[in-house]
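By the count of the working numbering, the sequence shown reaches residue 613 at its end, each step adding exactly one.
We put the beta carbon where it would ideally sit given N, CA and C, even for glycine.
Remember, predicted model here, so these are calculated numbers, not experimental data.
Below is one structure; the comments refer to it alone.
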Amino acid sequence: MLHALRTVSGAAESLLRTLPVLMGPWLISSGAIALDDVPLEPLRQYPTGLNATGVVAADLDGDGDIDLALSNRATDDITIRFNNGEGMFPDRIDIPTGEGPRYVDAADFDGDGDIDLCTPDYNSDTATVLRNDGNGQFTITHRFELHRTVFLWTDDLDLDGNDDMIVLQWDGTAEIPSQSPALMTPFYGTGTGDFETGDSAFIGLQPRGGASADLDGDGRIDIVTANLTSGDLTLLLSDGDRTWRDPVQIITGGYPRYLTLDDLDGDGDIDIAAVSKDTNECWILHNDGTGDFSLAQTRTTNNLPHSIDSGDMDGDGDIDVIVSHVGSYWSLLYLNNGSGYFPSVQWITMTAGPAEVELADLDGDGLLDIASANVNHADRGLSVILQGDCIPGADCNQNGIRDRCEVDADCNRNGLPDSCELDDGTAQDLDGNGVLDDCQDDCNGNGLPDGWEISVGMAGDCNGNQIPDDCDWNDPGDCDGDGIINGCEADENHDHIPDDCQCYADLDGNESVDVLDLLEVLSQWGTIPDPRDPPLTADFDFSESVDIFDFLLLLNRWGDCPPPLPTATGACCTSFGPCITMTEIRCELTLGTYLGDGVDCNGMECPELP
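Below is the structure:
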């Protein structure tokens, strides 16, 4: 057996020096498939924000069942899916965080009995704390400035009864932070919602995960981190009084991506299970009781393992582990033989790029269920698989299948087949297309499907894009006061400004389109050879020619000019991506977001649309 290499360093710069060790073979299991699979219900998936990578299970609204919070790194927010008490998650809210939250964890930081949240915000170099009002509504209370915050979790590190926050970050003072030892920075909770920043400790290069437990049996809480670039785990043993011994390096090789701590071999001390990203491996390291770890087993995983969690999935009294993969359609459940080895594996279908995985009892039946954050698809950003079989239980349509197992017939994901909801009147289908109304697009949130509103004339759709007009523009506007919103007005010269609100044919500036303007059009008649900069003043339709079409446009504008529109301009994040300086009305009519008069684009990158 290869004993994990341990290195004790007296200073940060010697963190990576190692001591000689006895080398031996890595133990590899037979790779057998589990004969008695853990019974699992069908995969259910729920929408979240974009690129969900972190998930935590906790009772966030105080109703006694377990909800799920997911961090969405591309939309800079947290999605909370609330449990309906049956392990279904039909209701959702989204809460802003810092930029690029990679993970999310939960704890009662302010001692009020409800669960708060925190995130490591990789893109804004912050850690954010969000306080719960007791009903599942959250407000940001703290934002700690750090450097490349990659991971965090919560624990009572100093055993004072208050929840603390442990953050892994790059060392911003290093010359090349990405190639230097990173930092573990603790934030000690006061119990009132505030924190005291503790002393940082050096760990390996580019950490990706971490966990804490009493690893050497002295009653104090220790820390282990998985360090992707340096190919090792860092062990930080507590000395008490919020101090740490010199970091210990556990050489694993490969690319340690994530780890979990649990008593895997049943001997009363805490062991380590970790995954290696690019080598597609799961490592089991046994503890001798003093915090000295040896590699007991290596299991091959599927492509690009991302996360691992532990728990007794098969109810035999020992701890199993599950591995999720962003590069595979299957997660792997490794079943413990009772001595901390995992000779059999159960393949579990989990699509959409499952990142962080968590085991929790989601339906209150005493059995562990599976949840994961999925990075590849926002409309399937959360996966939930409940433990159990599909034969017994409620069967509202009497088809022999348990209601909550009819996934394909349950568009609103509430555990009831759609046909039963229609029959008992708890749901409706106004347009008769066989899809429940609350499963169809409802941009204005009035409970009515957009397509049905348009079809019966309750909403306009002047541009024919099947989106009600009042959802197409942030401020529909009516520049000429005729009751027709700006986006539905005629725009014959295609300049994204309603024709009735401007006087583009007033060529002589006398506030009227008259015979003098007509004569000017005739004087410019025809095509002018290149270069055509600036364009012809009478080329109203920008065809690079003054012709009959411009003549007709002038006649259509004949008469007194309307009051002038505001001419102030500012930055507009357009619907097609780039930032362009333009007037507010033109920005709105291009379905952009106006950032204010006088705001300069100045190289600004607008957020990408989902």
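Assuming residue i and residue j make a contact with CB atoms under 8 Å, what is their CB distance in whole Å?
| i | j | result |
| --- | --- | --- |
| L451 | L433 | 7 Å |
| E359 | T56 | 6 Å |
| T584 | G599 | Not quite, the Cβ-Cβ distance comes to about 11 Å (not below 8 Å), so this is no contact. |
| T129 | F147 | 6 Å |
| I122 | T157 | Per the sequence presented here, residue 122 reads as Thr, with Ile not at that position. Not a contact, Cβ separation roughly 12 Å. |
| G103 | D79 | 7 Å |
| T304 | L335 | 6 Å |
| F552 | Y507 | That belief does not hold up - the Cβ atoms of F552 and Y507 are roughly 13 Å apart, past 8 Å. |
| V41 | S74 | Incorrect: roughly 27 Å between the Cβ atoms, too far for contact. |
| I588 | I500 | 6 Å |
In this structure, how does DSSP classify residue i when only helix, strand and coil are distinguished?
| i | result |
| --- | --- |
| D70 | strand |
| A397 | coil |
| F141 | strand |
| C609 | coil |
| W247 | strand |
| C474 | helix |
| Q182 | helix |
| D603 | coil |
| I404 | coil |
| I488 | coil |
| G34 | Model confidence at G34 stands at a pLDDT of 35, short of 50, so the residue's coordinates are unreliable; what they give is reported in the following sentence. Residue state, collapsed to three classes: coil. |
| E102 | coil |
| A177 | coil |
| F551 | Correcting the residue identity first, residue 551 is Ile in this sequence and not Phe. The answer is helix: DSSP assigns I551 an H, G or I state. |
| D411 | helix |
| C285 | strand |
| C442 | helix |
| A493 | coil |
| D97 | strand |
| C504 | helix |
| A109 | strand |
| A355 | coil |
| A376 | strand |
| A381 | helix |
| D80 | strand |
| M187 | strand |
| I253 | strand |
| I273 | coil |
| G2 | The displayed coordinates of the chain run from 4 to 613. Any statement about residue 2 would go beyond what the structure contains. |
| G618 | Lying outside 4 to 613, the shown extent of the chain, residue 618 is not represented and no answer is given. |
| E44 | coil |
| Q431 | coil |
| T263 | strand |
| V24 | Here V24 scores only 27 on pLDDT, less than 50, and its place in the model should not be relied on; the value that follows carries that caveat. Here V24 sits in coil by DSSP. |
| R223 | coil |
| G330 | coil |
| T301 | strand |
| G314 | strand |
Any C-beta of chain D sitting closer than 8 Å to the C-beta of residue i?
| i | result |
| --- | --- |
| A462 | In the displayed structure, chain D is absent; only one protein chain is listed. |
For the alpha helix (DSSP H) holding residue i, just list the boundary residues, first then last.
| i | result |
| --- | --- |
| E89 | Taken as a continuous stretch (DSSP letters only), E89 belongs to no alpha helix (DSSP H), as it is neither H nor E. |
| L525 | V518 to S526 |
| I457 | D453 to S458 |
Would you mind stating whether residue i and residue j have Cβ atoms separated by less than 8 Å?
| i | j | result |
| --- | --- | --- |
| L385 | Y49 | yes |
| G314 | L267 | no |
| V602 | E361 | no |
| T228 | M187 | yes |
| G201 | R245 | yes |
| D503 | P565 | yes |
| L208 | Q182 | yes |
| V170 | T263 | no |
| P395 | R405 | yes |
| A216 | I206 | no |
| T530 | S548 | yes |
| I322 | I351 | no |
| S347 | L338 | yes |
| C590 | Y597 | yes |
| E279 | R248 | The residue asked about is misnamed: residue 279 is Ser in this sequence, not Glu. Cβ distance not < 8 Å, so S279 and R248 don't count as in contact. |
| C482 | C465 | no |
Locate the beta strand (DSSP E) running through residue i, then write down its first and last residues.
| i | result |
| --- | --- |
| D427 | Note, D427: premise wrong, no beta strand (DSSP E); alpha helix (DSSP H) at D421 to D427. |
| L53 | Here L53 belongs to no beta strand (DSSP E), and DSSP marks it neither H nor E. |
| D119 | D119 to D124 |
| R211 | P210 to A216 |
| V132 | T129 to N135 |
| D235 | D235 to L239 |
Completely contained alpha helix (DSSP H) runs for the stretch 144-172, where each covers 4 or more residues: none
Minimum length 3: unbroken beta strand (DSSP E) runs contained in the stretch 556-601: 572-576, 582-586 and 596-600
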